[in-house]
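Reviewing the structure listed below.
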Amino acid sequence: MAWGQNHTTVKGFILLGLTNRADQKTQLLFAVFLLIYSVTLVGNLGPIDVIHTGATLHTPMYFLLSVLSFLDICSASVFTPRLLINFLTTDQPISFVGCVVQMALMILHGTGECLLLAMMAYDQFVAICHPLVYHTIMSKRMCVRLVVVTYAAGVFISAVQTGNAFILPYCGPNIIDHYFCDIPPMLQVACSETTMANVILLVFSALVTVPTISVILVSYAYILITICRMKSLEAQHKAFSTCASHLTALSLFYGSVFLVYVQPNPETASACNRILSGFYTIVIPILNPLVYSLKNKDGKVSAQVRVLNLSRKVIC
């Protein structure tokens, strides 16, 4: 079907929200998710500020962490504000253009996070397994190039996946069984055959997730082997604790993404998709600062120093 053909007859869509039961859309849920969003913003803005102001944190690892925090802020801001509105209203319309923009931004930041998590795992692998050549491999210029490649790949994948969804005709019904414009529920309301669209979704989702999770698993496998060779039991315990927290967060993120997108027919699992989507849109952005920033000793020390300096300025 050509891009130039205008088959769209609907002017917008209706989002059912996180739950389609009116009695559950209470002020309590609004307050809970508002608190989650506030903590997400503060928890991710904090590391960015600390890394920017802390001279000792101007390293490749912390640079990648600051980019991850920025992605999490953007990702949470794509979904949560509209979700908060949905809790307080009975009708949740979104314009056609708004739906396109929301899906494009969701795919852009989701793809960027997958690639960045793989880069961070590789960074950890080089730092632990090849410390003598770490600064040669992970130079500042290399890190900047990796981030540029991440966004370039994100824009490309976002354009392909968004175009794959909205090249289809939408002539009604326009009710989306989700709390944001995601690809699987959008394909359910399309007015034409979606087999090819599902194949494209599966292929490009696999192209993003399978290579990145492979890099992560191989990197952490080598890291764990190196940790096992350490003579200090205390060092082993700290390293294993850090790796366990990283792998837990990665499992939640990639597990939910795989179950939603990397399956033969993602349209059939719409009832569970809303819950699974909550992990990578709501849980992961609030969890990443706890896992990656507060688990690091240098980061905690720099954060304490930053808080003390800000407190002194306020007092003065």
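Numbering-wise, the sequence shown is residues 6 to 321 according to my numbering.
Backbone N, C-alpha and C fix where the C-beta goes; we use that ideal spot for every residue, glycine too.
Residue i to residue j span [Cα, whole Å]
i: P174; j: T199; result: 10 angstroms
i: P290; j: P86; result: 14 angstroms
i: C104; j: A254; result: 28 angstroms
i: L222; j: S82; result: 29 angstroms
i: V138; j: D128; result: 12 angstroms
i: F185; j: V288; result: 16 angstroms
i: A158; j: V213; result: 9 angstroms
i: L230; j: K243; result: The question names Leu, but residue 230 in the sequence shown is Ile. Going from the Cα of I230 to the Cα of K243 covers about 15 angstroms.
i: L292; j: A195; result: 35 angstroms
i: D187; j: Y156; result: 20 angstroms
i: P65; j: L121; result: 12 angstroms
i: G51; j: V15; result: 42 angstroms
i: V296; j: Y67; result: 13 angstroms
i: V153; j: M147; result: 10 angstroms
i: E118; j: F209; result: 15 angstroms
i: T45; j: I78; result: 7 angstroms
i: C233; j: L93; result: 52 angstroms
i: I19; j: L110; result: 19 angstroms
i: M201; j: L70; result: 37 angstroms
i: C277; j: H135; result: 42 angstroms
i: F101; j: F38; result: 26 angstroms
i: I218; j: V131; result: 17 angstroms
i: S237; j: T61; result: 26 angstroms
i: I53; j: M108; result: 26 angstroms
i: L76; j: N49; result: 9 angstroms
i: G9; j: N203; result: Bear in mind that the predicted position of G9 carries a pLDDT of just 41, short of 50, making it unreliable; the figure below should be weighed with that in mind. Each residue's alpha carbon lies about 21 angstroms from the other.
i: F84; j: Q32; result: 18 angstroms
i: F171; j: V106; result: 11 angstroms
Residue i classed as buried or exposed, judged by whether at least 16 other C-beta atoms fall within 10 angstroms
i: M143; result: buried
i: I280; result: exposed
i: H251; result: buried
i: G177; result: exposed
i: M6; result: At M6 the pLDDT is 41, less than 50, meaning the model places this residue with poor confidence; the figure from the coordinates comes in the next sentence. Its Cβ having fewer than 16 others within 10 Å, M6 is exposed.
i: A249; result: exposed
i: I90; result: exposed
i: G260; result: exposed
i: G168; result: exposed
i: L23; result: buried
i: V72; result: buried
i: T141; result: exposed
i: S163; result: buried
i: L40; result: exposed
i: F258; result: buried
Whole-Å CB distance - residue i paired with residue j, under 8 angstroms assumed
i: I112; j: Q166; result: 5 angstroms
i: L207; j: V262; result: Going by Cβ atoms, the distance from L207 to V262 rounds to 13 angstroms, so no, they are not a contact pair.
i: Y225; j: A123; result: Going by Cβ atoms, the distance from Y225 to A123 rounds to 11 angstroms, so no, they are not a contact pair.
i: V294; j: S74; result: According to the sequence shown, residue 294 is Pro rather than Val. Sure, about 7 angstroms apart at Cβ, within 8 angstroms.
i: H3; j: L34; result: Limits of the chain in this structure are 6 at one end and 321 at the other, which puts residue 3 out of reach.
i: S282; j: V265; result: 6 angstroms
i: G115; j: Y285; result: 7 angstroms
i: I205; j: M191; result: Not quite, the Cβ-Cβ distance comes to about 13 angstroms (not below 8 angstroms), so this is no contact.
Bounding residues of the alpha helix (DSSP H) (the contiguous stretch that carries residue i)
i: I78; result: 65-93
i: F245; result: 238-266
i: C233; result: 200-233
i: G51; result: 32-58
i: L173; result: Here L173 belongs to no alpha helix (DSSP H), and DSSP marks it neither H nor E.
i: P190; result: 188-193
i: I289; result: 289-293
Endpoints, beta strand (DSSP E) assigned at residue i
i: F18; result: 17-20
3 or more residues per run - each beta strand (DSSP E) lying fully within the segment 96-165: 98-100
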